[in-house]
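Student:
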Amino acid sequence: MCSMPLMSQVLRACAIAMLTAGMSTRAVARELNVHFSTISRLHFFFFLAVYPTDLNRKPCVTTPAQASPAGSSENNHPDS
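With mature numbering (1 follows the signal peptide of the UniProt record, and there is no 0) applied, the sequence shown covers -29 to -1, 1 to 51.
1) Which residue's Cα is closest to the Cα of R(-4): S8, A(-17), T(-10) and A(-13)?
2) Pick out whichever of F18, I10, L19 and P35 has its Cα sitting closest to the Cα of S(-6).
3) Please work out which residues of its chain come closer than 7 Å, Cβ to Cβ, to A(-13), disregarding the five sequence neighbours upstream and downstream, and give them in chain order.
4) Mapping DSSP to helix, strand and coil, what is S51?
5) Can you tell me whether A(-15) is buried or exposed? The criterion is at least 16 other CB atoms within 10 Å of its CB, across all chains shown.
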């Protein structure tokens, strides 16, 4: 069973530069003569997978301290 050839580092760098410049994934794929899903995966892993975000590009809340703004903790009442 044969595997598909990998993109060279030069091609990958060109694709990232084009995406950074604002070209669409399909336009970059056409320019580099690769399937658009290849560029789409590259775009995801280079730009989106670096920081944990949800689909709305907001940072994911992973701890209770991140969920509440500073100084508004539930345990910060004068009664307690």
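Beta carbons: idealized from backbone N, C-alpha and C, even for Gly. It should be emphasised that the depicted structure is a prediction, and the values quoted were computed from it without experimental measurement.
Tutor: To lay it out plainly:
1) Closest by alpha carbon: S8.
2) That would be I10, whose Cα lies nearest to the Cα of S(-6).
3) There are no such residues.
4) At S51, the pLDDT of 49 sits below 50, so the modelled position is not reliable; the number obtained from the coordinates is stated separately. Coil.
5) Classification of A(-15): buried, given that the 10 Å Cβ count is 16 or more.
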